[in-house]
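Asker: Could you have a look at this structure, given as structure tokens, before my questions?
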Amino acid sequence: MKKINLVVLLLIVITLVLQGINIYLSNKIAANSINVSKMQENIDALNEKNQILEAKILDSTSLDHIASRAAQLGFASDNKNYISLYSPLEVAITR
Amino acid sequence: MKKTSNIRLRLVLIGFAVLFLLLVIRLFYWQVVNAEDLKDYGLSQSTESLDVPASRGQILASDGFALATNKISYLVYANPRLVSDKDVYAQKLSGLLDMDQATISALLSRKLFWVRLESGLNDVQKKAIDNLHLDGIGFEQQQERFYPEASMAAQLIGFVGKDAYGNQQGYFGLEGYYNDQLEGRSGSLYVIKDALGNPVINDIRQEKKIDGRNLVLTLNRTIQYDTQTALEQGVVKYGGESGTAIVMDPQTGKVLAMAQVPNFDPQIYYNFPGESYVNQAVSDLYEPGSTFKVLVMSAAIDMNLVKPETQCNICAGPVPIDSYKIETWDNKYFPNTTMTDVIQHSDNTGMVFVGRKLGVDNLVSYLKNYGIDETTGIDLQGEVSGTMRPKDQWGAIDLATASFGQGISVTPIQLLTAVSAIANGGSLMKPYVVDKIITDDGKEIAIKPQVKRRVIKESTSQIMTWMMVNAVENGESKWTKIDGYKIAGKTGTAQIPVAGHYDPKNTNASFVGFFPADKPRFAILVIVNKPKTSIYGSETAAPIFFQIAQDLINEYNIPPSQ
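Just so you know, the sequences run in chain order A and B.
Numbering-wise (this note's numbering), the first sequence opens with residue 4 and increments by one.
Numbering-wise (this note's numbering), the second sequence opens with residue 2 and increments by one.
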């Protein structure tokens with residue numbers, strides 16, 4: 004009889020300990036979930052920012068944009084910029 | 002007594018059996034017949050499903066620069082029930098949105114919970130509205146197609162619109178042709194909820210989305226820009242109605258540039274007329290005129306029917322055929338002219354001589370080998386092909402006119418692909434625009450050059466190349482050629498068929514060629530439709546051609562020919 008009481012007591016203790024562990028872990032998971040959620044929000048915000056910046060870079064480095072900016076600054080294309088090694092072009096007019 | 006109790010026992014047994022049967026039937030109803038509905042009902046109570054849209058794939062130039070990509074934009078909406086003073090709201094918002102005060106005020110007066118104000122806002126506009134701190138005004142993030150180079154290669158790239166269900170759908174060019182590859186597959190996110198309806202973060206299940214595949218093009222961005230600029234300036238300078246230019250690597254069939262005037266901006270395609278979306282390079286049939294002569298001449302040389310020094314014995318004057326008379330374009334005639342001079346002078350009577358030597362059977366057979374009556378198979382939406390009439394329907398006049406490129410229709414891409422066969426030693430290549438497809442997980446699928454068939458012998462290609470070089474050096478377009486470079490080319494001035502006859506005033510002016518002649522790296526075709534300053538290809542399309550060639554020389558550092 005004494006042995007049975009001991010077993011029952013042990014079972015009750017184990018149950019209480021397990022319940023305590025369960026409560027602790029649940030709280031831990033809930034806290035982690037909040038952290039994960041915050042991190043996910045940060046990732047989304049950074050991704051959004053990256054995409055916006057990427058679009059701005061593409062816009063600014065497009066040939067169309069560069070050409071119009073160059074024209075504004077007074078640059079013009081030079082079609083005779085190739086120097087021939089075989090039949091050299093004149094680099095200075097002497098006559 | 003015993004008998005009565007047995008009956009009662011059996012009755013109870015039967016009763017239990019019936020109840021058990023009913024239970025089985027009910028369970029069968031819930032677990033088999035109604036299982037799916039019950040499952041869905043359970044899921045709807047315990048989970049929340051969110052659609053995760055796939056990102057549309059990018060279209061990249063050969064240098065990796067995005068020609069079509071996605072960018073974030075915002076839709077601004079209002080909840081009119083939370084708006085305190087609609088006139089103040091309208092006044093503040095009208096300065097930041099592309100809407101007038103009255104329209105905003107009218108929208109805010111509607112008795113709804115959600116009213117769309119404007120979409121396509123950028124982050125600066127969003128921030129400016131945010132800073133107003135207006136209650137009842139919110140934003141929804143959206144993905145929209147973005148073309149950083151604006152109208153560059155617009156007809157080749159196409160655009161993204163909506164299908165009948167409001168989903169993104171690519172139309173025209175690559176957006177249309179590769180829509181299945183670009184669109185990807187949307188995924189779903191299932192968030193498990195607890196008894197109070199709060200999401201359980203560590204128990205998220207998902208059906209993974211598959212982003213669209215990226216396309217890496219053969220297109221060289223710098224060459225495309227230069228080609229587009231040269232064509233635009235040329236068409237304006239020569240008063241043309243429209244123009245097309247293609248630059249191709251004749252050894253592989255890679256398209257390096259494909260430009261068209263007039264153009265459109267794929268970002269705001271709906272502001273342009275529908276006909277500007279059509280890629281003339283693959284969808285426009287035209288009579289090529291004298292640029293076609295190089296194909297007919299190469300066929301006759303390939304069959305040993307003529308040689309460069311063969312003399313024409315019918316070239317002393319106009320050639321009568323049935324009730325028609327074939328004349329030269331400038332009414333100058335060269336008795337006993339050689340085949341080299343026939344190409345140099347673009348002599349129609351000389352080509353009639355060549356056509357007669359070939360005969361209908363051989364001419365049709367060679368033109369078919371050159372791919373004139375079939376689509377090239379280029380990976381762009383909307384490619385068409387002209388059809389050649391059956392051999393038994395060819396008369397003497399049809400043979401004569403076809404020999405100098407009239408009475409027969411081709412698309413610009415067909416002609417350039419055929420001329421590229423002369424440039425590369427005789428092989429007809431399949432032209433292509435997409436060089437690589439990159440999958441969602443980074444795997445690269447390379448597209449290899451494809452030889453369709455051999456059309457002419459290598460020796461023929463060499464002879465024809467030098468006849469075309471001679472045409473550039475000594476022909477009508479020599480005034481605009483680039484000194485120091487051997488460029489093979491041919492002018493074209495074609496009459497335009499209109500309702501059963503030829504337009505007496507307008508022409509299609511063109512120039513086709515390739516260089517460096519000893520080892521061609523670039524084949525170029527330029528077409529100017531209905532130029533006004535001059536009707537001739539040598540005075541309109543040729544200078545544009547040589548401008549593009551000069552740009553290619555500069556871009557690729559091509560040394561002069563020795």
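Ideal placement from N, C-alpha and C gives every residue a C-beta, glycine not left out.
Note that the structure is predicted; figures quoted are calculated from it, not measured.
Count the other CB atoms within 10 Å of the CB of I346/B; is the residue buried (16 or more) or exposed (fewer)?
Answerer: Taking the first residue of the second sequence as position 1, residue 346/B is located at position 345. Residue 346/B is actually His in this sequence, not Ile. Answer is buried; the Cβ neighbour count reaches 16.
Asker: If you run the structure through DSSP and keep just helix, strand and coil, what is H346/B?
Answerer: Indexing the second sequence from 1 puts residue 346/B at position 345. In the structure shown, H346/B sits in a helix (DSSP, three-state: H, G or I).
Asker: By the 10 Å Cβ neighbour count, where 16 or more other Cβ atoms means buried, how is T350/B classified, buried or exposed?
Answerer: For the purposes of this step, residue 350/B is identified with residue 349 of the second sequence, where counting begins at 1. Buried, since its Cβ has 16 or more Cβ neighbours within 10 Å.
Asker: Tell me whether H134/B sits in a helix, a strand or coil according to DSSP, three-state version.
Answerer: On the second sequence, position 133 is the one that residue 134/B refers to. Looking at H134/B - three-state DSSP - the assignment turns out to be coil, as it is neither helix nor strand.
Asker: Pull the bridge partners of I73/B from the DSSP assignment, please.
Answerer: Position 72 of the second sequence, counting from 1, holds the residue named residue 73/B. Answer is Q144/B.
Asker: Using DSSP with H/G/I as helix, E/B as strand and the rest coil, what is E44/A?
Answerer: By one-based count along the first sequence, residue 44/A stands at place 41. Looking at E44/A - three-state DSSP - the assignment turns out to be helix.
Asker: Distance check for V473/B and K491/B, CA to CA, integer angstroms please.
Answerer: Counted from its first residue, the second sequence places residue 491/B at position 490. Counted from its first residue, the second sequence places residue 473/B at position 472. Rounded to the nearest angstrom, the two C-alpha atoms are 7 Å apart.
Asker: According to DSSP, which residues form a beta bridge with R454/B?
Answerer: To locate residue 454/B, count along the second sequence from 1; it is residue 453. Answer by DSSP bridge pairing, in chain order: L429/B.
Asker: As an exercise, report each continuous beta strand (DSSP E) stretch of at least 3 residues that is fully enclosed by the region 258-318 of chain B, in chain order.
Answerer: If we require 3 residues or more, the region 258-318 of chain B turns out to have no beta strand (DSSP E) run fully inside it.
Asker: Could you tell me which of S284/B, Q234/B, G493/B and N123/B sits nearest to L98/B, measuring between CA atoms?
Answerer: Reading the second sequence from its first residue, position 97 is the one you call residue 98/B. When only C-alpha atoms are compared, the closest one is N123/B.
Asker: Mind pulling the beta strand (DSSP E) runs of 3 or more residues that sit fully within the region 142-198 of chain B?
Answerer: Here the runs fully enclosed are 160-163, 169-172 and 188-194.
Asker: List in chain order: all unbroken alpha helix (DSSP H) runs of 4+ residues lying wholly within the region 465-524 of chain B.
Answerer: Here no run is fully enclosed.
Asker: Could you tell me which chain B residues have their CB closer than 9 Å to the CB of A48/A, listed as they occur along the chain?
Answerer: For the purposes of this step, residue 48/A is identified with residue 45 of the first sequence, where counting begins at 1. Here the premise fails: no neighbours, minimum Cβ distance about 11 Å.
Asker: One question on the structure: do S47/B and K194/B come within less than 8 Å of each other, judged by their Cβ atoms?
Answerer: Indexing the second sequence from 1 puts residue 47/B at position 46. Indexing the second sequence from 1 puts residue 194/B at position 193. For S47/B and K194/B, yes; Cβs fall inside 8 Å.
Asker: In chain order, what residues of the same chain lie with their CB nearer than 6 Å to the CB of G275/B, ignoring the 5 residues before and after it?
Answerer: Counting from 1 along the second sequence, the entry for residue 275/B is found at position 274. For G275/B, where only same-chain residues beyond five positions count, there are no Cβ hits under 6 Å.
Asker: Any contact between the region 28-38 of chain B and the region 16-26 of chain A? By contact I mean 3 or more CB pairs, one from each, below 8 Å.
Answerer: No contact exists between the region 28-38 of chain B and the region 16-26 of chain A.
Asker: Sort V529/B, T481/B, A500/B and N530/B by Cα distance to Q551/B and report the nearest one.
Answerer: Translated into the one-based positions of the second sequence, residue 551/B becomes position 550. Q551/B has its Cα closest to that of T481/B, out of V529/B, T481/B, A500/B and N530/B.
Asker: Grouping DSSP H, G and I as helix and E and B as strand, with all else coil, what is D331/B?
Answerer: Looking up residue 331/B in the second sequence gives position 330. Correct three-state label for D331/B: coil.
Asker: Exposed or buried, which one is L51/B when buried takes at least 16 other CB atoms within 10 Å?
Answerer: Mapped onto the second sequence, residue 51/B falls at position 50. Exposed, since its Cβ has fewer than 16 Cβ neighbours within 10 Å.
Asker: I want to verify the contact list: residues of chain D whose CB lies under 8 Å from the CB of E150/B, in sequence order.
Answerer: Annotation note: the requested chain D is absent from the structure, which comprises protein chains A and B.
Asker: Identify each residue in the region 25-59 of chain A for which the Cβ-Cβ distance to at least one residue of chain B is less than 7 Å, and report them in chain order.
Answerer: Against chain B - using a Cβ distance shorter than 7 Å - the residues of the region 25-59 of chain A are I32, S36, V39, S40, E51, Q54, I55 and A58.
Asker: Quick check: the region 309-324 of chain B against the region 444-455 of chain B, are there 3 or more CB pairs under 8 Å?
Answerer: Touching, no.
Asker: Just curious, the beta strand (DSSP E) that V435/B is in, first and last residue?
Answerer: Along the second sequence, read from residue 1 onward, the residue named residue 435/B stands at position 434. Where V435/B is concerned, the enclosing beta strand (DSSP E) stretches over V435 to I439.
Asker: Taking DSSP as the reference, what is the three-state secondary structure of G139/B?
Answerer: Taking the first residue of the second sequence as 1, we reach residue 139/B at position 138. In the structure shown, G139/B sits in a strand (DSSP, three-state: E or B).
Asker: In this structure, does DSSP put V89/B in helix, strand or coil?
Answerer: In the second sequence, counting from the first residue as 1, residue 89/B sits at position 88. Looking at V89/B - three-state DSSP - the assignment turns out to be helix.
Asker: Hey, out of I73/B, S110/B, Y191/B and S366/B, whose CA is closest to A91/B's CA?
Answerer: Here residue 91/B corresponds to residue number 90 of the second sequence, with the count starting at 1. Looking at the Cα atoms, S110/B is the closest of the given residues.
Asker: Of all the options I525/B, I536/B, I559/B and F66/B, which has the alpha carbon lying nearest to the alpha carbon of F547/B?
Answerer: Working through the second sequence from its first residue, we reach residue 547/B at position 546. Closest option to F547/B, Cα to Cα, is I525/B.
Asker: Could you check whether the Cβ of T48/B sits closer than 8 Å to any Cβ belonging to chain A?
Answerer: Position 47 of the second sequence, counting from 1, holds the residue named residue 48/B. With 8 Å as the cut-off, T48/B does not count as an interface residue toward chain A.
Asker: CA-CA distance, K487/B and T541/B?
Answerer: By one-based count along the second sequence, residue 487/B stands at place 486. By one-based count along the second sequence, residue 541/B stands at place 540. Going by the C-alpha atoms only, they are around 20 Å apart.
Asker: Taking the straight line between their C-alpha atoms, what separation do you get for L20/B and V16/A?
Answerer: Within the second sequence, residue 20/B is the residue found at index 19, counting from 1. Within the first sequence, residue 16/A is the residue found at index 13, counting from 1. Their backbone Cα atoms lie some 44 Å apart in a straight line.
Asker: Would you mind sorting K255/B into buried or exposed? The rule is 16 or more other CB atoms within 10 Å of its CB.
Answerer: Locating residue 255/B in the second sequence gives position 254, where the first residue counts as 1. Classification for K255/B: buried.
Asker: Any Cβ of chain A within less than 8 Å of the Cβ of T70/B?
Answerer: For the purposes of this step, residue 70/B is taken as residue 69 along the second sequence, with counting starting at 1. Output row for T70/B: interface = yes.
Asker: Please confirm if A522/B has its CB atom under 8 Å from at least one CB of chain A.
Answerer: If you number the second sequence from 1, residue 522/B lands on position 521. Looking at the sequence itself, residue 522/B is Arg, so the reference to Ala does not match. Closer than 8 Å: no.
Asker: According to a CB-to-CB cut-off of less than 7 Å, which residues of the region 108-137 of chain B neighbour chain A?
Answerer: Here the close residues are D124.
Asker: Run through chain B and tell me which residues come within less than 9 Å of L61/A, C-beta to C-beta.
Answerer: Position 58 of the first sequence, counted from the first residue, corresponds to residue 61/A. Ordered by position in chain B, the residues that pass the 9 Å Cβ test against L61/A are F66, A67, T70, K72, F147, P149 and E150.
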